[in-house]
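*Asks:* Read in full-length UniProt numbering, the sequence shown has 52 at position 52, and its numbers run on one by one without any break. Backbone N, C-alpha and C define an ideal beta-carbon position, used for all residues, glycine too. Below is the structure I would like to discuss, written out as C-alpha cells.
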Amino acid sequence: PKEARLAQQLSGGKFAGYVYFDPAADGGKDAQGNAITGKWVGLDIPDFPTTKKPTAQAKPGGVGLDFHDGASPFIMKGDGKGWLFAPSGAVDGPLPTHYEPYESPVANPMYKQQTNPATKIWEPAERLAAVGSADFPHILSTYRLTEHHLSGTMSRWLPWLAELQPELFAEISPEHAQELGIANTDRIAISTPRGSITAKALVTRRVRPYTIGGKQIHYVGLPWHWGYKGIAVGDVVNNLSAMVGDPNVSIHEAKVFVCNVKKA
1 PKEARLAQQL SGGKFAGYVY FDPAADGGKD AQGNAITGKW VGLDIPDFPT TKKPTAQAKP
61 GGVGLDFHDG ASPFIMKGDG KGWLFAPSGA VDGPLPTHYE PYESPVANPM YKQQTNPATK
121 IWEPAERLAA VGSADFPHIL STYRLTEHHL SGTMSRWLPW LAELQPELFA EISPEHAQEL
181 GIANTDRIAI STPRGSITAK ALVTRRVRPY TIGGKQIHYV GLPWHWGYKG IAVGDVVNNL
241 SAMVGDPNVS IHEAKVFVCN VKKA
C-alpha cells in the first residue's frame, strides 16, 4: 500500500484502486471547525493526515510531518521517500539477490555464485556440509512455537506452558516417514556435521517434499525451545546449526541448513 501511495499521480488519479486523493471527499473539520474538502481514500491508511493533499508543500523549518510535502509518504525516512537501497552502511548489496544458504542440497539455480560472498563463517570446513551432500540430503529449518519464548529458558519452567508443549518434536512429511519406516511419535535421530539429537516424529501434511531440479528433497521442521533443564526438557536444536552469519549484523543463519534423519 505505501508503494501504491508513492506511485500516486500528483494530479490525484487513481492508482490500481489501492489509494488515491479524492478532492471531493468529506475531510471532516479542522481545529477551527471549518469544513475540509478532499482526503486520501482507498484500501490503505496513510501515516500522515488523510486530508494532506499530494500537492501540499513542505513547510520551511517544519517539524515532524510538516517537514514532508504531500508526495513524500515514507514518514520514517528523513526525506519522506521510499529507498530501494541505502547508499552506504551495507556490506553487501545494494539490491537483494538470491543466494543459497551456506549448506544447501542444490546448486544456486539462478547464478554461478552459490552463497553470499560476504557471509561470515565461524565453522571449520569439516563442520560444514558440501553442496548436495549425500550424507546430509534433507533441508532442516528451525522455528518457534506460540507457547514458548526464545530458547525456552523462561517458558520451559512454567507448568502451564510446559503442559501445552511438553516435548521436542520434528515435523516430517508422510512421504518421508514412509520412506524411512517411521510412524508418528517414533523417536528419530536428526544429525548434521555438528552433532546429533533425538526427537519425536510428528508426521504431518503441513510438511511437503520439494521437487528441485527434478529431484525430490525432504524437509524437516524443528522448534528450538528445549534444553536439559526445566519442567519440559529436550535436546538442544541449535547444537545442529552452523555458525554462519549475515555480513551486516551477523544474524545467525540457523533457520536453514541440511541434515540426515533416521529412526532412533
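1) Rounded to whole angstroms, what is the Cα-Cα separation between ARG156 and ASP235?
2) Given GLY38, which residues of its chain have a CB within under 8 Å of its CB, disregarding the five upstream and five downstream residues?
3) Are at least three pairs of beta-carbons, each pair with one atom in the region 156 to 169 and one in the region 238 to 249, less than 8 Å apart?
4) Taking the alpha-carbon of residue 274 as reference, which of THR119, GLY33, HIS225 has the nearest alpha-carbon?
5) Since ILE188 and ALA264 should fall inside the 8 Å C-beta cutoff, what is the C-beta to C-beta distance between them, to a whole number of angstroms?
6) Determine the DSSP secondary structure at LEU202, reduced to helix, strand or coil.
7) Grab me the residues of ASP186's own chain with a C-beta within less than 8 Å of its C-beta, minus the 5 sequence neighbours each way, in chain order.
8) Apart from the five residues just before and just after PRO1, which ones in its own chain have a Cβ nearer than 7 Å to its Cβ?
9) Inspect the beta-carbon positions of LEU161 and GLU171 and report whether they are closer than 9 Å.
10) Would you mind listing the beta strand (DSSP E) stretches within the region 12 to 92 that are 3+ residues and don't spill past its ends, in chain order?
11) Residue 273 and VAL258 look like a contact to me (Cβ under 8 Å); what is the Cβ gap, rounded to whole Å?
12) What is the DSSP secondary structure of SER151, reduced to helix, strand or coil?
13) Closest to SER250 by CA distance: which of ASP69, SER173, GLY78, ILE121 is it?
14) Quick check on DSSP: helix, strand or coil for GLU163?
15) ASN260 by DSSP, collapsed to three states: which one?
16) Locate the alpha helix (DSSP H) running through HIS138, then write down its first and last residues.
17) Measure the C-alpha to C-alpha separation of TYR111 and PRO137 and round it to an integer number of angstroms.
18) Might you give, ordered along the chain, the residues of its own chain that have their beta carbon closer than 7 Å to the beta carbon of GLY93, omitting 5 neighbours on each side?
19) When we look at the beta-carbon of SER173 and count the other beta-carbons within 10 Å, is it buried (16 or more) or exposed?
*Replies:* Once the coordinates are examined:
1) When the Cα atoms are used, ARG156 and ASP235 turn out to be separated by approximately 13 Å.
2) Cβ-Cβ distances below 8 Å link GLY38 to PHE21, ASP22, PRO23, ALA24, ALA25, GLY27, THR51, LYS53 in the same chain, with the five nearest sequence neighbours on each side left out; the list follows chain order.
3) no
4) One cannot answer for residue 274 here, as it falls past the ends of the chain, which runs 1 to 264.
5) 5 Å
6) The answer is strand: DSSP assigns LEU202 an E or B state.
7) LYS200, ALA201, LYS263, ALA264
8) The predicted model places PRO1 with a pLDDT of 37, which falls under 50 and marks its position as unreliable, so this point remains unresolved.
9) Contact flag unset, no.
10) 19 to 29, 35 to 42
11) What the structure shows of the chain is the stretch from 1 to 264, and residue 273 is not part of that stretch, so it cannot be assessed.
12) coil
13) ILE121
14) helix
15) Strand.
16) Counting along the chain, HIS138 falls outside any alpha helix (DSSP H), though it belongs to the beta strand (DSSP E) covering 138 to 143.
17) CA-CA distance, TYR111 to PRO137, rounds to 21 Å.
18) PHE85
19) buried
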